[in-house]
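First comes the structure, then the notes that go with it.
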Amino acid sequence: MAKVLILSGAGISAESGISTFRDSGGLWEEYDVSVVCNYDSMQKHEELTIEFYDKRRAELESKEPNYAHKVIADLKRRYGRDIVVITQNVDNLFEKAGLKSSDIIHLHGFLREIRCQDPYCEQIFDIGYTKQREFNGGGCPSCGSKLRPNIVFFGEQAPKYEELGRHVQDCELLVVIGTSGNVIGVNTMAQFATRSILNNYEPSSAINDAYFSKVLYKKATEAVDEIAEEIESFLDSINSLKKL
Ligand code: APR
Ligand code: ZN
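For the sequence shown, this note's numbering assigns the number 13 to the initial residue and increments by one for each residue that follows.
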């Protein structure tokens, strides 16, 4: 398992022009979570929910990764399995920055994908930046069932959380960037790690930053060089010990 765990949230994509959720003017101010991102959204508000994700998917096409995505993608390319990149984000900016899909774990799903609603099928389809209904007339090509955004809604199981837990247990350096901590309990995670870095634009009521070894309240693009330096010296020191 990896020595360094980098967990990101919506804040890392903010400077690429993608709205966060809980900042002022964020997505959950504009849309009602219980309508478009709830376990029963597809039953109770199917059209509004599909429209909401179609709109966010289409917006993705013009969005570019920012410096923070690029630095992290470069670190992952250079240090490989010593670093695990996990994000709560459903955008593809780390992939646009060069990470392969096998190099990153999306905890809450992936906006380019839709999936079959049949629990015995659940096939996943990458539809790029197009509308869900334009794909195969809106039905699953394998079994004909209805499709849905491949996004984890509130109240649904998040299958990748187990994998996150294993990485938290094993990591020695935890880096948390751009998350308010309202969904993932980063306070607990910080207590497991030998060392931990928190980078957020501003303090969050859901995060007790006293649990973190280093706290950087600034934009991710301004903090990421300092974070990268710490990750490199940490891993270079471990790897040089291994060579003795
Ligand atoms: N650089 C660093 N941090 C930033 C920046 C920036 N440029 N801009 C905003 N932030 C920080 C804010 O200070 C805030 O703490 O990013 C955080 C965004 O918090 P949220 O909007 O709550 O987003 P996130 O924590 O990713 O939400 C978690 O909740 O709604 C669900 O599934 C959704 O994955 C999402 C989850
Ligand atoms: Zn199917």
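No residue lacks a Cβ here, since even glycine has one placed at the ideal position from N, Cα and C.
The Cβ atoms of residue 103 and residue 30 lie closer than 7 Å to each other.
Your pair residue 250 and residue 18 does not check out as a contact, with CB atoms roughly 16 Å apart and the cut at 8 Å. With the rule of 3 Cβ pairs closer than 8 Å, the segment 104-124 does not count as touching the segment 143-158. In chain order, the residues that have a beta carbon nearer than 6 Å to some heavy atom of the ligand ZN are 128, 130, 133, 135, 152, 154, 155 and 157.
Under the three-pair Cβ rule at 8 Å, the segment 26-44 counts as touching the segment 72-83. Distances from the CB of residue 212 to the heavy atoms of the ligand APR include at least one below 6 Å. Three or more beta-carbon pairs separated by less than 8 Å link the segment 234-246 to the segment 186-201, which places the two stretches in contact.
Sequence-distant Cβ neighbours of residue 208 in its own chain, meaning closer than 8 Å and more than five residues away, are 185, 186, 187, 188, 201, 202, 223, 224, 225 and 226. Excluding sequence positions up to five before and after residue 33, its CB lies within less than 6 Å of the CB of 22, 39 and 40, all in the same chain and listed in chain order.
Per DSSP, residue 111 is not a residue of any beta strand (DSSP E), being assigned neither H nor E. Taking 4 residues as the minimum length, the alpha helix (DSSP H) runs contained wholly in the segment 75-160 are 79-91 and 105-108, in order along the chain. Closer than 6 Å to some heavy atom of the ligand APR: that does not describe the Cβ of residue 99. Residue burial is scored here from C-beta neighbours: residue 197 has fewer than 16 other C-beta atoms within 10 angstroms and is therefore classed as exposed. The secondary-structure analysis by DSSP pairs residue 207 across a beta bridge with 185. Around the beta carbon of residue 217, fewer than 16 other beta carbons sit within 10 angstroms, so the residue counts as exposed. Distances from the CA of residue 229 to each of 247, 192 and 248 were compared; the closest alpha carbon is that of 192. Partner residues in the beta bridge of residue 229, as assigned by DSSP, are 212. CA-CA distance, residue 82 to residue 233, rounds to 10 Å. Partner residues in the beta bridge of residue 19, as assigned by DSSP, are 98 and 188.
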